[in-house]
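What follows is a single structure, written as structure tokens, with notes after it.
Number of protein chains: 2
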Amino acid sequence: MAKEKKVEQITDMDVDFAQWFTDVVTKAELIDYSGVKGFFILRPYAYAIWENIQGILDNRFKELGHENVSMPVLIPESLLQKEKDHVEGFAPEVAWVTHGGSEELAERLCVRPTSETLFCDHWSHVLRSWRDLPMLYNQWCSVLRWEKTTRPFLRGREFHWQEGHTLHATKEEAELETQQMLNVYADFCENSLAMPVIKGQKTEKEKFAGAVSTYTVECMMHDKKALQGGTSHYFGDGFARAFDIQFTDRDNKLCYPHQTSWGMSTRIIGGLIMTHGDNSGLVLPPKIAPVQVMVIPIAMHKEGVLEKADALTARLKAGGLRVRIDKSEQSPGWKFAEHEMKGIPLRIELGPKDIENGQCVAVRRDNGEKITVGLSELEMKIPELLDAVQQGLYDKAKKNLTDNTRPALSLDEARGIISGKGGFVKTMWCGSLECEMKMKEDAGVSSRCIPFEQEHIGHSCIACGKPAEKMVIWGVAY
Amino acid sequence: MAKEKKVEQITDMDVDFAQWFTDVVTKAELIDYSGVKGFFILRPYAYAIWENIQGILDNRFKELGHENVSMPVLIPESLLQKEKDHVEGFAPEVAWVTHGGSEELAERLCVRPTSETLFCDHWSHVLRSWRDLPMLYNQWCSVLRWEKTTRPFLRGREFHWQEGHTLHATKEEAELETQQMLNVYADFCENSLAMPVIKGQKTEKEKFAGAVSTYTVECMMHDKKALQGGTSHYFGDGFARAFDIQFTDRDNKLCYPHQTSWGMSTRIIGGLIMTHGDNSGLVLPPKIAPVQVMVIPIAMHKEGVLEKADALTARLKAGGLRVRIDKSEQSPGWKFAEHEMKGIPLRIELGPKDIENGQCVAVRRDNGEKITVGLSELEMKIPELLDAVQQGLYDKAKKNLTDNTRPALSLDEARGIISGKGGFVKTMWCGSLECEMKMKEDAGVSSRCIPFEQEHIGHSCIACGKPAEKMVIWGVAY
Numbered sequence: 189m190a191k192e193k194k195v196e197q198i199t200d201m202d203v204d205f206a207q208w209f210t211d212v213v214t215k216a217e218l219i220d221y222s223g224v225k226g227f228f229i230l231r232p233y234a235y236a237i238w239e240n241i242q243g244i245l246d247n248r249f250k251e252l253g254h255e256n257v258s259m260p261v262l263i264p265e266s267l268l269q270k271e272k273d274h275v276e277g278f279a280p281e282v283a284w285v286t287h288g289g290s291e292e293l294a295e296r297l298c299v300r301p302t303s304e305t306l307f308c309d310h311w312s313h314v315l316r317s318w319r320d321l322p323m324l325y326n327q328w329c330s331v332l333r334w335e336k337t338t339r340p341f342l343r344g345r346e347f348h349w350q351e352g353h354t355l356h357a358t359k360e361e362a363e364l365e366t367q368q369m370l371n372v373y374a375d376f377c378e379n380s381l382a383m384p385v386i387k388g389q390k391t392e393k394e395k396f397a398g399a400v401s402t403y404t405v406e407c408m409m410h411d412k413k414a415l416q417g418g419t420s421h422y423f424g425d426g427f428a429r430a431f432d433i434q435f436t437d438r439d440n441k442l443c444y445p446h447q448t449s450w451g452m453s454t455r456i457i458g459g460l461i462m463t464h465g466d467n468s469g470l471v472l473p474p475k476i477a478p479v480q481v482m483v484i485p486i487a488m489h490k491e492g493v494l495e496k497a498d499a500l501t502a503r504l505k506a507g508g509l510r511v512r513i514d515k516s517e518q519s520p521g522w523k524f525a526e527h528e529m530k531g532i533p534l535r536i537e538l539g540p541k542d543i544e545n546g547q548c549v550a551v552r553r554d555n556g557e558k559i560t561v562g563l564s565e566l567e568m569k570i571p572e573l574l575d576a577v578q579q580g581l582y583d584k585a586k587k588n589l590t591d592n593t594r595p596a597l598s599l600d601e602a603r604g605i606i607s608g609k610g611g612f613v614k615t616m617w618c619g620s621l622e623c624e625m626k627m628k629e630d631a632g633v634s635s636r637c638i639p640f641e642q643e644h645i646g647h648s649c650i651a652c653g654k655p656a657e658k659m660v661i662w663g664v665a666y
Numbered sequence: 189m190a191k192e193k194k195v196e197q198i199t200d201m202d203v204d205f206a207q208w209f210t211d212v213v214t215k216a217e218l219i220d221y222s223g224v225k226g227f228f229i230l231r232p233y234a235y236a237i238w239e240n241i242q243g244i245l246d247n248r249f250k251e252l253g254h255e256n257v258s259m260p261v262l263i264p265e266s267l268l269q270k271e272k273d274h275v276e277g278f279a280p281e282v283a284w285v286t287h288g289g290s291e292e293l294a295e296r297l298c299v300r301p302t303s304e305t306l307f308c309d310h311w312s313h314v315l316r317s318w319r320d321l322p323m324l325y326n327q328w329c330s331v332l333r334w335e336k337t338t339r340p341f342l343r344g345r346e347f348h349w350q351e352g353h354t355l356h357a358t359k360e361e362a363e364l365e366t367q368q369m370l371n372v373y374a375d376f377c378e379n380s381l382a383m384p385v386i387k388g389q390k391t392e393k394e395k396f397a398g399a400v401s402t403y404t405v406e407c408m409m410h411d412k413k414a415l416q417g418g419t420s421h422y423f424g425d426g427f428a429r430a431f432d433i434q435f436t437d438r439d440n441k442l443c444y445p446h447q448t449s450w451g452m453s454t455r456i457i458g459g460l461i462m463t464h465g466d467n468s469g470l471v472l473p474p475k476i477a478p479v480q481v482m483v484i485p486i487a488m489h490k491e492g493v494l495e496k497a498d499a500l501t502a503r504l505k506a507g508g509l510r511v512r513i514d515k516s517e518q519s520p521g522w523k524f525a526e527h528e529m530k531g532i533p534l535r536i537e538l539g540p541k542d543i544e545n546g547q548c549v550a551v552r553r554d555n556g557e558k559i560t561v562g563l564s565e566l567e568m569k570i571p572e573l574l575d576a577v578q579q580g581l582y583d584k585a586k587k588n589l590t591d592n593t594r595p596a597l598s599l600d601e602a603r604g605i606i607s608g609k610g611g612f613v614k615t616m617w618c619g620s621l622e623c624e625m626k627m628k629e630d631a632g633v634s635s636r637c638i639p640f641e642q643e644h645i646g647h648s649c650i651a652c653g654k655p656a657e658k659m660v661i662w663g664v665a666y
């Protein structure tokens, strides 16, 4: 006989959000700690979420003409150093391979922190003419950055991501690509992950090492801190010049192409957890959940219950839903708690009484609502309920973002908001690094982005008082 | 106006097979050489083949209950050393990370050459009871092995693969899993890649470092050399004991679980090229080809041709085929050569005369046969032709394997076959390492496997003459 398993307890999210996060990622069986600091094992449930993310993004990338490739995992030091700004940004935080087998290497090799230099080196071999452009490449891989403080999903020394790298004949085409891919990320966050975003441009201080401009989608977590969801960079022809990548145009003239890169990582899973999770554990949007519906037979040893529960499961599967049935020898109460911890969007309870009445009971993970569903209308109602969960999660997160983004006209006001209610502040900014640093020192916030949707909340910079035309969103960031 | 591009020439495969291979992988745009010896760039066309391989295998693994996970890319030296035989096999050929950022690491970390030790470390954290078993895991990743001589696909310092790792309550279950996964590889090679295999067990000398037994599917290339297609290992409880992985069984007794691992790598793409390729380039089996049908409009500036060719392409796409149309400004002759180089299984030519006659001309890549197909029966005939190409490739490869596997009763005879016609020899063998080494020294062959399908071609060991019950297949291997 199976012993009743203990229902795992997690820390209250409003008491200690960081500990709540750690509890959720371990108790929901998303990660395990490896023997090396900052390297996390993605267990089957986490990897299944990542595979769903990959599936949706990869399809979208391919629809837009991108092709996947694989670049080496190691970069020679001399190659990393070819673009000055880029190496300054990355060299301090890479891992170095110095020995192969028993021999010391003539040149040390870093484990890739990002692959711009590898793509550029390849392009310098293969690009010939305008007919070869655009080159629209993407790579799914893991990268290493030797961070000091690490946390599962949010800051690892190794993380998984996709890195898109494209090459174009003109500045205009490259800039369009940069915007297009930012929009892919924004749509994906909002429509698949139910995470509302603010789209905008990064300041000079916050942009990617080596980029002309960096665009971002910024999200707000439950604790009102910011998380960068995905970024898209326009490089101009800086890398092309550094790596001597040229093509002959239609007039047979040698030109430098224009370049972009864009990426989204497993960090977004951390964002997903911190956006939707609650004190019962993980909450997953149906579009990304590995299991959308968990069927739980009640009094399952009573005659006919398991048979009917199996039939119900089969019907939902046939309808294209990701459904499982839990027939383990645990109590229904234990199962409810377990599948709540795992964030499964909908559970369906089916017992002898329900069968008698030709119905089942669906319970929404997002708000706990119980809905009686006639068995005859299962195929119509369950997808509707999943849509409602998806929308409910988005609406709640959107309200959190809207309610907690406040304008500030002075440093005092900004400081008051940040140290009080928290969240984002939006202010006018003159564009100087000095004033950006002042916001960090005085209010403890970094610039998240210069949103595309600008508001004219004032005329002068919050820090120096000089005329300012740009509105910036500031916040405390993960 | 576009200039006519030059049709690329490749070395004759019967003159210099190694150079032919190098020509094909570069001219068919499969790989590019990176700046680090032994690290190859998989260009879009090669990666698309790998994605098709991944898609078929991954589905099959999941149907059989396996789940994907992600383990770290780095392994601490102390962890690699926990299983004695394993570390002896791998330590001489790993790459070592010694610095992270600007600091020297207290313990050096190797870039994974394989992940048994990581899976074992994880299992020692999470395995509790018989209810947790079996654990059926798989990982898609790249691994590093610091080889001295390297060749694209066949021997790289980095290569992509999948590595399955499973844990079972009993020896019997683990052995069944080992056999099951070997059969998955055999089915995949034969049915998807059109590569006939010999299934069998590796000798003690050739088995995986740390395994109790290793099983293999062995293939024969066009030059009659052997290539190992995939391997499946049974570990017993050796790793479990070394890593202290235990579970409580139904009687609440602590037990060591039994373990397997199994892998197939991008090496199989090298095998695919060397099995089916010819002097016009790559030849891909339809089931794995990124593009199954290339439509080439003839006299495409004549009225109506492009329109009809587009319609034909759309019809085949709607039928679920992977079809492209080549509308570039090159001559049909150039296009024929280009798509032959890429190994596209079927090309369809459509010109004004064909349109007049309500037909098109399909040309098989495997044998050059031209088939006139009525446009009205397109959806029926083209899939049939693709099946015929798939079968044709398999039959040709099977004939090569059968015709070139010869029995030998003496070392002289074996040496004569190997230095003459080449291919595999099958002989009786007493089971001793000494006799296995003698075959290497005297005939220049290694044991490929002890086939499951045994034949009694004699009674005594080919090398020592002592009584022998096992038949072994020997060959020169990649």
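Heads up: the protein sequence lines correspond to chains A and B, in order. If you read the first sequence in the numbering used here, its first letter stands for residue 189, the second for the next number, and so on. If you read the second sequence in the numbering used here, its first letter stands for residue 189, the second for the next number, and so on. Ideal Cβ placement from N, Cα and C applies to all residues, glycine included.
- In this structure the segment 219–229 of chain A touches the segment 296–312 of chain B; the number of beta carbon pairs closer than 8 Å is three or more.
- One alpha carbon belongs to VAL664 (chain A), the other to THR302 (chain A), and they sit about 25 Å apart.
- Here ILE645 (chain B) is exposed. Its C-beta has fewer than 16 other C-beta atoms within 10 Å.
- One Cα belongs to TRP238 (chain A), the other to ASN256 (chain B), and the distance between them is close to 10 Å.
- Under the three-state reduction of DSSP, LEU538 (chain A) is assigned to strand.
- For the pair ILE486 (chain B) and LEU218 (chain B), the CB atoms are not nearer than the 9 Å cut-off.
- Across the structure, TRP450 (chain A) and CYS443 (chain B) are spaced so that their CA atoms are roughly 49 Å apart.
- Distance from the CA of ARG510 (chain B) to the CA of VAL479 (chain B), rounded to the nearest whole angstrom, comes to 5 Å.
- The contact set of GLU255 (chain A) on chain B, defined by CB atoms closer than 9 Å, consists of ARG231, PRO232, TYR233, TYR235, ALA236 in chain order.
- Secondary-structure assignment with DSSP links PRO639 (chain B) through a beta bridge to B:GLY388.
- For VAL203 (chain B), no alpha helix (DSSP H) run applies, since DSSP gives it neither H nor E.
- The continuous stretches of beta strand (DSSP E) do not include ALA585 (chain A), which lies in the alpha helix (DSSP H) extending over residues 566–591.
- Apart from the 5 residues on each side of it in sequence, ALA477 (chain B) sits with its Cβ closer than 6 Å to the Cβ of PRO533 in its chain, given in chain order.
- Listed as beta-bridge partners of ARG512 (chain B) by DSSP are B:MET482.
- Shortest Cα-Cα distance from SER330 (chain B) to any of B:ARG512, B:ASP246, B:GLU351, B:ARG636 involves B:GLU351.
- Apart from sequence neighbours up to five positions away, the residues of its chain that approach LEU589 (chain B) with a beta-carbon distance below 6 Å are PRO384, MET408, ordered along the chain.
- Close partners of PRO260 (chain B) in chain A (Cβ separation under 8 Å): SER222, VAL224, PHE227, PHE228, ILE229, GLU346.
- Against chain B, the CB of THR560 (chain A) has no partner CB under 9 Å away; the residue lies outside that interface.
- Under the three-state reduction of DSSP output, TYR666 (chain A) falls in the coil class, being neither helix nor strand.
- As the crow flies, the alpha-carbon of GLN367 (chain B) is around 10 Å from that of THR402 (chain B).
- Interface residue (Cβ-Cβ distance to chain B less than 9 Å): HIS310 (chain A) is classified as such.
- Contact annotation: the segment 338–357 of chain A touches the segment 452–470 of chain A, with at least three C-beta pairs closer than 8 Å.
- For HIS356 (chain A) against HIS446 (chain A), the beta-carbon gap comes to about 5 Å, under 8 Å, which counts as contact.
- Contact check for ASP211 (chain B) and ILE229 (chain B): beta-carbon distance about 17 Å, past the 8 Å limit, so the pair fails to qualify.
- Contact check for MET627 (chain A) against GLN642 (chain A) fails: the beta carbons are separated by 9 Å or more.
- Its Cα nearest to that of CYS548 (chain A), the residue A:LEU538 stands out among A:PHE278, A:LEU538, A:GLU624, A:GLU276.
- Under the criterion of beta carbons closer than 8 Å, LEU566 (chain B) and ARG636 (chain B) do not qualify as touching, at roughly 44 Å.
- In the DSSP secondary-structure assignment, MET408 (chain B) is bridged to B:ALA414.
- By the neighbour-count definition (other C-beta atoms within 10 Å, threshold 16), ARG438 (chain A) is an exposed residue.
- In the pairwise beta carbon analysis, the segment 574–582 of chain B is classified as touching the segment 517–537 of chain B: at least three pairs are separated by under 8 Å.
- When A:ASP202, A:ASP542, A:THR436 are compared, the shortest CA-CA separation from SER317 (chain A) is found for A:THR436.
- The beta carbon of LEU267 (chain A) sits closer than 7 Å to the beta carbons of THR305, ASP309 from its chain, once the five residues preceding and following it are set aside; these are given in chain order.
- Judged by DSSP in its simplified three-state form, CYS652 (chain B) adopts coil rather than helix or strand.
- Between the C-alpha atoms of GLY459 (chain B) and LEU342 (chain B) there is a straight-line separation of about 8 Å.
- Per DSSP, ARG455 (chain A) lies in no beta strand (DSSP E); the unbroken alpha helix (DSSP H) holding it starts and ends at 455–464.
- With three or more CB-CB distances shorter than 8 Å, the segment 410–420 of chain A counts as touching the segment 368–377 of chain A.
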